[in-house]
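A.B. asks: In the working numbering, the protein residues as written are 178 to 876. Glycine included, every Cβ here is placed at the ideal spot set by N, Cα and C. What you are looking at is a predicted structure, and each value in this text was computed from that prediction instead of being measured. So that we are looking at the same thing, I have put the structure below in structure tokens.
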Amino acid sequence: MSFPLTRRSTRENFPFPAPGAVIDETTPCLIWIPVDGATGYTVTVKSQAGDVIFSESTEKNYIYPTIPWAPGSYSWNVVTHQGEERGWQAFQISDNAIPFIRPNAREVFDSIPDCRPRHLFFTQDIPTLLLDHAGELETLKRNVELAYRHGMPTPPRYAHDGDELPYREYFGAYRDYCDRDLVACALCYTLTGDEKAGDHAKELLLTICDMNPLGPCSLHGEFGDEVGLSNARCLPAVLDLLYPLLDGKQMRYVASTVAVYAKQCEERIRGIDYIHNPSDSHVGRLPAYLGEAALVLKDTGVEDDETLVNWLELTLDIYNGIFPFYGCPDGSWAEGAFYSTSYTKWYLPFFSAVERFSGISLFRRPFYLRYSHYLLHFCNEAYEVHPFGDGYWCHPEDAEWPGFFAQDPYRVYAERFGPPLLEARRKSLPAPDYFRLHLLDIFLPKSPVPFENTITGDAENAALFPYGGYGVLHTDMSAPDDICVMARASRYTADSHRHADQGSFALFCGGKALISPSGYFGRQYGSKHHFGWTKTTIAHNVALIDGLGQGTNQNTACRITEFDGENKCFTMDLTPAYEGRVKSYLRTISLDKGGMTVTDKIEAVTPVEVTYPLHTLVMPREADGKVLVERESATLQILPDPAMSLDRITDNYDVDLNEGEPEAYHVTMPPQFHIYYKTEKATSHTLMVRYEVEKKENK
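Pasting the structure below:
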């Protein structure tokens, strides 16, 4: 038995803090790699003077001291109960670190008021909510009218009837009934007293409860878990909102259904040992739903208090400690913009309720405080694509995943944490015709917890997110004709919703993509096109070596090694991603007012051919040795290195969008175009490619 210092699987968490790290949270959650066969661990922390300030034992691979430590230098060690020692590692707590007081489950439970509604807001909050959200209320009323026309859902039959709507298509339609119609009508009833909306919500609620939560609607996923996820997410809040409309039998029926889903949440969290393997994105949604069930079910009589407190303890242990796995202390989201806009919303109702009940805020951690800066750079609704990872091509109205790219991803974060540019952007958003998915965080009261954010500054035209592995450069972020380049070189590799795209970049002018990622899901996640094209290196804007792309295991982690915000350039070390096929691969990106330069320095043991793919959303054209990309905002000229020759321009994927899918479920997506350059074989390549951006006036 030896003490591992690095991850052995992409499912494991990252050790934290890393040796020498400067952290902005006090106290931090200390995380280490589990040791096979260890029955427990003793964690010791020393001050710079060598005094032991903390020493406790745990069976888990993390621990969070509850008393904040002062800024300064510290060291820590972990020893298994069998005597295996990890070794001392140093870290610092910054001068402006945020004190994070962690909420206690029993105290939160005891603070739950005996009133309805209580989960999303209190009755006394309603006048202020209606005043502050008058525009949202008008949209909500349109949702209610849509719900009346939409009617009631039918139970899923895809588990046994091949002629019925299959799983992927069913759960997409089901979200319209549950996440959209049910929540909209329940909110409208409680906020305005609209009895018709309340009656429709009640009928929807009881209809959904009539569906067996142990079959295709289960969270356990034998038939897929998306229907169960919708129910686990929405039913607690709706029970609370519709409480006055339910008689005793109906209340117990709905509450018992909520309890069934809560138990399934707990079973899945414990079943995969989530605290040690936190990479399952679906299970990462469940702690909030479990906690919400505990808050709502108190005093209903369907579960005893001890069970509800245990659910809260599990939920808060995760949020006080290892969560969010994909959300980084720098504010970035490792699974990309599309997933970030939904995955940073699932927990908002629970966080808000804990604040209002206990006066303690779960938002007081670096990720939540800095996420608004990631939103500012990567989730601009005016951009036509949002690299990186699955769903980069989606928008709120996208027919494929309506509403999953949130219609207002800035809500809550911009209001609480700024910066002013993001607040202004949010206020400029047009009202949607109706809300599609995320309705539970629209009418949340303002935070009752006073707070000063000391770790995030003003928005800058150059930003580095080292934990998530993102770099972004702008000519002028506040200008409508801003030129922007973003790139990824990350410790998070190509599992889950991420792609083998280390070092890839996207280039924009005025929100229009000049160079973009390529590929789609196809009919659904995991299609042949998705796995055979979209998730592979050739679909992105980074080199192939002898025709082969990057690996996908945990040893292919990359990083941004140099970042110069003043001169708008950064360098990425992509060597690990090529799994020994190169001695080194360094890519440097620099931005100026006329465009971008990308320089690749590749060293190999034996002569290798480099394929240099680029992807666009409109058909490029070749002229005088240049490739031109015409967009509404600008014309891009690609000026390749002399060692590169244009191989071809095509609109074909290596794996067709609908390959392997029944014709009845073929999808149509906007075309994409692919440019391929190649080099002669050599052991050393220095490839400098210039991307000239000529802006168009008055665009």
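Could you tell me how far apart the beta carbons of R668 and R736 are, in whole angstroms, since I believe they sit closer than 8 Å?
C.D. replies: 7 Å
A.B. asks: Name the DSSP bridge partner or partners of E629?
C.D. replies: None; E629 has no bridge partner.
A.B. asks: In terms of alpha-carbon separation, which member of Y520, D567, T492, Q701 lies closest to G504?
C.D. replies: Per the Cα distances, Y520.
A.B. asks: Give the DSSP-derived three-state secondary structure of Y127 in the structure shown.
C.D. replies: Residue 127 is absent from the model: the chain starts at 178 and stops at 876.
A.B. asks: Give the secondary structure of R825 by DSSP, where H, G and I count as helix, E and B as strand, and everything else as coil.
C.D. replies: strand
A.B. asks: Going by the DSSP bridge assignment, what does Q269 pair with across the sheet?
C.D. replies: V199, S250
A.B. asks: With DSSP as the reference, please indicate the residues paired to R867 in a beta bridge.
C.D. replies: Answer by DSSP bridge pairing, in chain order: T774, L816.
A.B. asks: With H, G and I counted as helix, E and B as strand and the rest as coil, what does DSSP make of Y496?
C.D. replies: helix
A.B. asks: Which complete beta strand (DSSP E) runs does the stretch 693 to 756 hold, if anything under 3 residues is left out?
C.D. replies: DSSP runs (the beta strand (DSSP E)) wholly in the stretch 693 to 756: 736 to 741, 746 to 750.
A.B. asks: Leaving out the 5 sequence neighbours to the left and right, which residues in its chain are closer than 6 Å to L182 when beta-carbon positions are compared?
C.D. replies: none
A.B. asks: Just the C-alpha distance for V866 and I815, rounded to the nearest angstrom, thanks.
C.D. replies: 7 Å
A.B. asks: Please state if the CB of S234 and the CB of Y251 are separated by a distance shorter than 8 Å.
C.D. replies: no
A.B. asks: If we ignore side chains and look at the alpha-carbon of each, how far apart do Y762 and G726 end up?
C.D. replies: One C-alpha to the other measures close to 13 Å.
A.B. asks: Assess, as a yes-or-no matter, whether the stretch 400 to 411 is touched by the stretch 269 to 289 under the definition of 3 or more beta carbon pairs within less than 8 Å.
C.D. replies: no
A.B. asks: Measuring straight from C-alpha to C-alpha, what distance separates L751 and G680?
C.D. replies: In this structure, the CA atom of L751 is about 6 Å from the CA atom of G680.
A.B. asks: For G370 and D417, what's the separation of their Cα atoms in angstroms?
C.D. replies: Rounded to the nearest angstrom, the two C-alpha atoms are 15 Å apart.
A.B. asks: Examine the Cβ distances between the stretch 374 to 389 and the stretch 425 to 432 and report whether three or more of them are shorter than 8 Å.
C.D. replies: yes
A.B. asks: In the structure shown, what three-state DSSP assignment does K803 receive?
C.D. replies: In this structure, K803 counts as strand in the three-state DSSP scheme.
A.B. asks: Counting only runs of 3+ residues fully inside the stretch 581 to 653, write out the beta strand (DSSP E) ranges in chain order.
C.D. replies: 639 to 642, 647 to 651
A.B. asks: What does DSSP give as the partner residues of V415 in its beta bridges?
C.D. replies: V415 is not bridged to any residue.
A.B. asks: Excluding the 5 residues preceding and the 5 following T793 in the sequence, name in chain order all residues of the same chain whose CB lies nearer than 6 Å to its CB.
C.D. replies: Same-chain partners within the cutoff: V806, F850.
A.B. asks: Closest to G648 by C-alpha separation, out of R593, A720, K604, R764, would be which residue?
C.D. replies: R764
A.B. asks: Assuming contact is defined by CB atoms lying nearer than 8 Å, are K770 and A811 in contact in what I supplied?
C.D. replies: no
A.B. asks: Can you tell me the Cβ-Cβ gap for W253 and V220, rounded? I've got them flagged as a contact below 8 Å.
C.D. replies: 7 Å
A.B. asks: Do C442 and L419 count as a contact pair if the criterion is CB distance below 8 Å?
C.D. replies: no
A.B. asks: What residue ranges within the stretch 826 to 855 form continuous beta strand (DSSP E) runs of no fewer than 3 residues, ordered along the chain?
C.D. replies: 850 to 855
A.B. asks: Within this structure, are the beta carbons of K522 and H615 separated by less than 8 Å?
C.D. replies: yes
A.B. asks: Would you call the CB atoms of E469 and H296 closer than 8 Å?
C.D. replies: yes
A.B. asks: For the stretch 778 to 789 against the stretch 626 to 645, are there 3 or more C-beta pairs whose distance is under 8 Å?
C.D. replies: Taking one beta carbon from each stretch, the stretch 778 to 789 and the stretch 626 to 645 have fewer than 3 pairs nearer than 8 Å; the two do not touch.
A.B. asks: Determine the burial state of Y354: buried for a count of at least 16 other Cβ atoms within 10 Å of its Cβ, exposed for fewer.
C.D. replies: The residue in question, Y354, is buried, as its Cβ has 16 or more Cβ neighbours within 10 Å.
A.B. asks: In three-state terms, what does DSSP make of P526?
C.D. replies: helix
A.B. asks: If the criterion is Cβ atoms closer than 8 Å, does the pair A754 and G772 meet it?
C.D. replies: no
A.B. asks: Kindly indicate which residue of F528, F708, L650 has the alpha-carbon position closest to the one of V775.
C.D. replies: L650
A.B. asks: How many whole angstroms separate the CB atoms of P847 and D828, which I take to be in contact at a CB cut-off of 8 Å?
C.D. replies: That belief does not hold up - the Cβ atoms of P847 and D828 are roughly 11 Å apart, past 8 Å.
A.B. asks: Could you compute how far the alpha carbon of V435 sits from the alpha carbon of P413?
C.D. replies: 6 Å
A.B. asks: Relative to the C-alpha of K623, which candidate in S395, Y569, V531 has its C-alpha closest?
C.D. replies: When S395, Y569, V531 are compared, the shortest CA-CA separation from K623 is found for V531.
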